[in-house]
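In my numbering, the protein residues as written are 34 to 1171.
We put the CB at the ideal spot given by N, CA and C, even for glycine.
Remember, predicted model here, so these are calculated numbers, not experimental data.
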């Protein structure tokens, strides 16, 4: 049960509706039904307020704190802070409290600001003025005051304030046009129909006098589904019952177009509207880097506990010798002597935990959040990813997955609208073996010299001529296309021929292409008015057909039908759909000739549809009408009953012909797929199209090459052999030479040139995913996955939306746990976009539903290349360095503190001053790594695009593997040993000042701290390849700030800040020659191993990236900065790249 449903249940229970059912009754205009009709039961529904905000003024602090302390690191530091407050610890509570307060405050401010913007948007929406009918008069009130049952009037270009049942409009045919761009992004006009018995109501008085009740389903989020019925009471004893469907429902957020005004009754308001129910947040996705961070955090937590445990044990071992527990200068009180030993040991253990807790970098989380948030702007600012044609740029819906773009191993892509343009062009039609090819027609624009019709094969006979005209009429009538006039939508045409200049609008580009194509072949669809469809035939005569029924298209049936009545009284059923859904229902027609042509067109990559018809006599139509009416008025299982009715009606058809429409390949789609494969990414195409069409597209976009051996796992193959035999045969084929072939681990390409491509259809996939009943034999999934792993590319055709998600899930949870990316442009791709680790929506012609539900959105498929190979690469290397560097510098910071305990009798004495403990991660070392993680480019963006192979260097979380993590940790331990023992041996028994004074413990600690700050900062400088003045300012500025702060804290610059413990300590250290020597020498020794390791690895085992860096260093300086410019791109000078 989802959250929205639970919320509805709770609301209803609180409202006292204990006998809650799956439907609701609404009294139109709050008017009671006539006496004796039915009992009037007033019901309570929520008002029309929309609440998208997360917090209120009163619950912000407790709710936000609760959410933040659910994070392990924040909760851990809170516990440490409380321990410091409760027991006597060696460090001040400020040292833990201040960094924690900083992190909590920054996060709270960010989340509070975002929620304030949501409150502001909610208020603007809830206070919009709305017109509604009250006592047969038009009244204005705020949107939030609307109630279920109110009759609302909406004017042209206004947005519907809630979900309404459409009662009437100013148009005579009772229709209206709406756009749903804010709901699903589709900008095309959709036609909605008023209730048949109320569409004639024009005035407020007529509407106000309406006496009716509406029974409908409870609120649910599906935008395209609605089931209900309206009971209209008049003078007659029995009410008139009419079915209500999605065509009668006007959704909140949609906009009224080309219609002066409409009346509707509110059925869902506020948070129960379909738009609000779609607000629910997507499941939280976590990147591989974040998972690695949490694992490393647990490791460091174990190290922390071990350190505290070792020190506690050694403390009591050391104190077991006489006089060490109570030296003469520190005698214990009587109460301390009588204290329980285990309690004392536990207190000491907690004290050591507090002393070493800085090994856990709490500020890392806030730095990572800032890096992700600020870094995401580089995608939106990238001019190369802006599409001039559509005026669209890339969108970032979540910044939590930036680095995951650099770890993708599988790309699952839709075909139509993603690889192709979804810009349909009518190519030909085949009628009983005769092929008709009009000149190029595309989206209403006829190219020059496009008159005439090319006739292929022989001319049709007289009976064939009738079938030909019937075919053209079917294409003119069997669709949901609307006509948009330039002058007046409802006005009369000046001449019958003027229909040829009409603009056709539809939610499906295929239908527009077909209507435009048949227009060039002599038949023009004019308009639908008063339930009559008008078309212009070749003789320029207007033919009128009464539209009796529409059997709507759905993705399961893959066909649609209309029932029309001609002027002569003949009743026809015209049906068009996919060949797989039409051929089994055909009893007559030249099936073999048309099937051959369909298959030929499919191989060429064309989208094909078949057209059939049958004639109905009045008795048959009467039976059909009753069957449909019974299914339409059903409140329970309406869809199932309609599907059964359609199945009975759409049978015994006569095949007329087929159409072919071309969907051109997107610009640079082939180059993008080729680059992704070179980068080691496997590309799978998941589509609902037929196999031949999809395979042709795969060849065109270079997913399949001419040398690729295609393997089929399709329904046709399974008719010949069992699934078990087919799978084992395929497995034997791809694994035959597994011992001798050297197959690329990432892309699946074999080095001997023999590549395999797998084609699977939806029906075969269902069998593969279906668990076998043998029990011990397991299932076929692993065998199927093994075949897929050894194929360079996979094509999945005839896929339902849910099957697309199942494929992604299957790969996502396979034993390698690869990082998956799904990209698509339509509502049918949303399920796989949500399922994949990274979801990318293409802002295309099928609406923005995919873009709205995705993590990122791009205008064209070609932009995926730069998003992964450049942005993903940069994001990953930046954040990987950030994470490793944070752990490294904290090891450098706290390990000397651990070593110091061996020289102070495990007394929990701190090595560093409180100010240094507090500010080390907040100020002294924070900005350089933040700037590095935002601006670093280890190679240029052009090099990354030019050499996709570089993507493999960072594959499989390469920079955060255990080997790399252990190297960074041991480097931190080595540096800590150098800092501590270097300073210790250099000044052991040595007079260091001219007056004979020697260093005290605070001077010693300050020296270690100074060497450490300089070493970790210079280590980052050595790792930086992309230098700008910003990097220089931050790195050298951080070191200068440390020096100035130390002088300030010691009372030298600001005397009244003189701090007794650190008074003149820093200056005394600087007055010593050996101290200067120690700083220079120890910093050099600390950096030396890392420098040597880099030099040796680059010379002996260079990666592809290091080879590119080396070649770039020998070339002339780059004349212009890379296209992926840093944050202050207009202010930066030309960078120097090492």
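According to the DSSP secondary-structure assignment, residue 445 is paired through a beta bridge with 717 and 855. Per DSSP, the unbroken alpha helix (DSSP H) holding residue 627 starts and ends at 624 to 636. Less than 8 Å separates the beta-carbon of residue 458 from that of residue 695. Here the segment 714 to 721 makes no contact with the segment 739 to 746; the two share fewer than three CB pairs at distances below 8 Å.
A contact between stretches requires three or more CB pairs, one per stretch, nearer than 8 Å, and the segment 256 to 264 fails this requirement with the segment 656 to 664. Nearest Cα to residue 321 within the set 436, 999, 395 and 667: 436. Assignment of residue 823 by DSSP, reduced to helix, strand and coil, places it in the coil class. About 17 Å separates the beta carbons of residue 195 and residue 171, which is beyond the 8 Å limit, so they are not a contact pair.
Between the segment 886 to 899 and the segment 919 to 933, the count of C-beta pairs closer than 8 Å stays below three; the two stretches do not touch. Contact annotation: residue 939 and residue 133 have beta-carbon atoms that are not nearer than 8 Å. Contact between residue 450 and residue 1119 does not hold, since their C-beta atoms are separated by about 56 Å, which reaches or exceeds 8 Å. Assignment of residue 585 by DSSP, reduced to helix, strand and coil, places it in the strand class.
The three-state secondary structure of residue 425, taken from DSSP, is strand. In the structure shown, the three-state DSSP call for residue 1136 is coil.
Separation of the CB atoms of residue 975 and residue 1055 is rounded to 25 Å, and the pair is thereby denied contact status at 8 Å.
Short of 6 Å from the beta carbon of residue 447, and not among the five residues preceding or following it, lie these beta carbons of its own chain, in chain order: 857 and 862. Here residue 638 has 726, 729, 730 and 733 as same chain residues with Cβ atoms under 7 Å from its own Cβ, once five neighbours each way along the sequence are excluded.
DSSP lists 186 and 201 as the bridge partner or partners of residue 296.
When C-beta atoms of the segment 202 to 211 are compared with those of the segment 276 to 296, three or more pairs fall below 8 Å, so the two segments count as touching.
A direct Cα-Cα distance of roughly 56 Å separates residue 673 from residue 914.
When secondary structure is reduced to three states using DSSP, residue 1043 falls in the helix class. The bridge partners DSSP lists for residue 640 are 694. Under the three-state reduction of DSSP output, residue 273 falls in the strand class. Residue 908 is not bridged by DSSP to any residue. By the Cβ neighbour-count rule, residue 63 is exposed, with fewer than 16 other Cβ atoms within 10 Å of its own. The Cβ-Cβ distance between residue 629 and residue 689 does not fall below 8 Å.
Contact between the segment 142 to 161 and the segment 412 to 429 is absent: fewer than three C-beta pairs spanning the two stretches fall below 8 Å. The residue from 383, 996 and 635 with its alpha-carbon nearest to that of residue 461 is 635. Here residue 103 is exposed, its C-beta having fewer than 16 other C-beta atoms within 10 Å.
Taking the CA atoms as reference points, residue 161 sits about 6 Å from residue 175. The DSSP-derived three-state label of residue 613 is helix.
The beta carbon of residue 624 lies closer than 8 Å to those of 616 and 688 in the same chain, with the five residues before and after it left out. Ranking 557, 319, 876 and 763 by CA distance to the CA of residue 440 puts 319 first. Put simply, the segment 128 to 147 touches the segment 102 to 120. At least three CB pairs are less than 8 Å apart. When the five nearest sequence neighbours on each side are left out, the beta carbons in the same chain lying within less than 6 Å of the beta carbon of residue 693 are those of 460, 461, 634, 639 and 641, in order along the chain. With fewer than 16 other Cβ atoms inside 10 Å of its own Cβ, residue 1065 counts as exposed.
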